[in-house]
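Participant:
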Amino acid sequence: MSDKDSADQTKHTETTTTTEEEVMAKSVDEFSADQQIVCSIIPGLSADLYKGQSGRIGVIGGSVEYTGAPYFAAISALKAGADLSYVFCSRESAPIIKSYSPELIVYPNLDSDNAVEEIAAVLPKLHAVVIGPGLGRNDRTLANVGAVIDKIKEMDIPLVLDADALYFVSKCPEIVRGYTKAILTPNVAEFDRLYASVYRSEPNKSEDPNAALMQLCHTLGDITIIRKGAEDTISDGHNIVTCSERGSPRRCGGQGDLLSGSMGVFSYWSHKAFAAQSSSTDLSRQKLSPTLVAALGAAMLTRRCARLAFAKWSRSTTTTDLIAEINTAFKSLYPID
Numbered sequence: 001m002s003d004k005d006s007a008d009q010t011k012h013t014e015t016t017t018t019t020e021e022e023v024m025a026k027s028v029d030e031f032s033a034d035q036q037i038v039c040s041i042i043p044g045l046s047a048d049l050y051k052g053q054s055g056r057i058g059v060i061g062g063s064v065e066y067t068g069a070p071y072f073a074a075i076s077a078l079k080a081g082a083d084l085s086y087v088f089c090s091r092e093s094a095p096i097i098k099s100y101s102p103e104l105i106v107y108p109n110l111d112s113d114n115a116v117e118e119i120a121a122v123l124p125k126l127h128a129v130v131i132g133p134g135l136g137r138n139d140r141t142l143a144n145v146g147a148v149i150d151k152i153k154e155m156d157i158p159l160v161l162d163a164d165a166l167y168f169v170s171k172c173p174e175i176v177r178g179y180t181k182a183i184l185t186p187n188v189a190e191f192d193r194l195y196a197s198v199y200r201s202e203p204n205k206s207e208d209p210n211a212a213l214m215q216l217c218h219t220l221g222d223i224t225i226i227r228k229g230a231e232d233t234i235s236d237g238h239n240i241v242t243c244s245e246r247g248s249p250r251r252c253g254g255q256g257d258l259l260s261g262s263m264g265v266f267s268y269w270s271h272k273a274f275a276a277q278s279s280s281t282d283l284s285r286q287k288l289s290p291t292l293v294a295a296l297g298a299a300m301l302t303r304r305c306a307r308l309a310f311a312k313w314s315r316s317t318t319t320t321d322l323i324a325e326i327n328t329a330f331k332s333l334y335p336i337d
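Heads up: the sequence shown is residues 1 to 337, going by full-length UniProt numbering.
#1: Which runs of the alpha helix (DSSP H) fall wholly inside the segment 128-206 and span at least 4 residues, in chain order?
#2: Go ahead and pull the three-state DSSP assignment for Cys243.
#3: Go ahead and label Cys172 buried or exposed: buried means 16 or more other beta carbons lie within 10 angstroms of its beta carbon, across all protein chains shown.
#4: For the 8 Å Cβ check, are there 3 or more pairs between the segment 118-129 and the segment 58-69?
#5: Given this structure, state the Cα-to-Cα distance separating Glu245 from Cys305, to the nearest angstrom.
#6: Are the beta-carbon atoms of Ala182 and Leu166 separated by less than 8 Å?
#7: Buried or exposed for Leu49, going by 16 or more other Cβ atoms inside 10 Å?
#8: With H, G and I counted as helix, E and B as strand and the rest as coil, what does DSSP make of Phe274?
#9: Which of the three DSSP states, helix, strand or coil, is assigned to Tyr66?
#10: Alpha carbons only, please: which of Ser112, Asp83, Ser289 and Asp192 is nearest the one belonging to Thr224?
#11: Can you pull the DSSP bridge partners for Phe31?
#12: Quick one: give me the first and last residue of the alpha helix (DSSP H) that Ser332 is part of.
#13: Secondary structure at Thr224, three-state DSSP: helix, strand or coil?
#14: Count the CB pairs spanning the segment 102-109 and the segment 131-143 that are closer than 8 Å, and state whether there are at least three.
#15: Apart from the five residues on each side of it in sequence, which residues of its chain come closer than 8 Å, Cβ to Cβ, to Asp321?
#16: What three-state label does DSSP hand Gly52 in the structure shown?
#17: Our contact map puts Ile42 next to Val293 with C-beta atoms below 8 Å; I'd like the distance itself, whole angstroms only.
#18: Is Val38 near Leu259, with beta carbons less than 8 Å apart?
#19: Using 10 angstroms around the beta-carbon of Met155, count the other beta-carbons present and answer buried if the total reaches 16, otherwise exposed.
#20: Among Lys51, Leu45 and Ala82, whose alpha-carbon lies nearest the alpha-carbon of Ile326?
#21: Name the residue from Arg251, Asp111, Thr291 and Asn210 whose alpha carbon lies nearest to the alpha carbon of Tyr179.
#22: Please list the terminal residues of the continuous beta strand (DSSP E) segment that includes Thr233.
#23: Rounding to the nearest angstrom, what Cα-Cα distance links Val145 and Tyr100 in this structure?
This is how it looks when you write it as structure tokens:
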């Protein structure tokens, strides 16, 4: 190796190792309006709180083929600040998911004969539910999911739909129509499929993509959709917000599970904060919905985790590396404690 090559390598290493410090410094110097609005929904920590008050989040997913996704979502909810995470999965996947972490409460009943009744019995404990990570497309499982979604709507519980739950919604869009506590998290391909299921044609690529996003949200009864991509764009049918946080060029599997899991706890916090506000407060004056703020908060967190992890691991970055950055990313974005 030449002296020049050695110097270049040293320079690259130094740049990589200082990236986290730069991110932390920038977060202090440039505290954005987006960060401020998200901070306003996050509850502070207190010795007066008891277990469960900061969030009890359910994750419905996990099949024999996909055991990592529900774990990523559930552990991300915990790392973001939830007190308890519940996973409802197939019987075959349950021992595997349990082996990943002793901190998860795992129910092996998603494919059972009494799945709907058994899951519905636990729903009153939960502050938000995430459906989709590792779900698979088994007909019986999807039928159970449809019935569980109906129960969730009856109980007015915040809902995040991701992965194969979006496939299910594309087959049955009426299942979410008008439920304004729902957030859908499609990537571009999933968004196009959902759009086509509603309008019988894909969105016109020559027109403003934000118009198609807002149109679909409005047609589905003003639900919230975050369309993931180079930029994450969020609409609740009335407003459009683009997540300006820079992410990572690495596209390892599982990043969407971090997003959906953290979005579950942000959704609980957001609905609780909005319900406690009067019309004269900053939250009310923003004219943003609880679901839009929750989606924005989780998107910013996930992107910063990705950037911090990529600075350390580059092409070797995996979702486990992103999860390890949740604490640093959260403190730099939302310094409330």
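Idealized CB from N, CA, C, for every residue including glycine. Remember, predicted model here, so these are calculated numbers, not experimental data.
Facilitator: Concretely, from the data shown:
#1: 139-155, 164-171 and 188-199
#2: strand
#3: exposed
#4: yes
#5: 10 Å
#6: no
#7: exposed
#8: helix
#9: coil
#10: Ser289
#11: DSSP output for Phe31 lists no bridge partner at all.
#12: Ile326 to Leu333
#13: strand
#14: no
#15: Ala309, Lys312 and Trp313
#16: coil
#17: Incorrect: roughly 10 Å between the Cβ atoms, too far for contact.
#18: no
#19: exposed
#20: Ala82
#21: Thr291
#22: Asp232 to Ser235
#23: 24 Å
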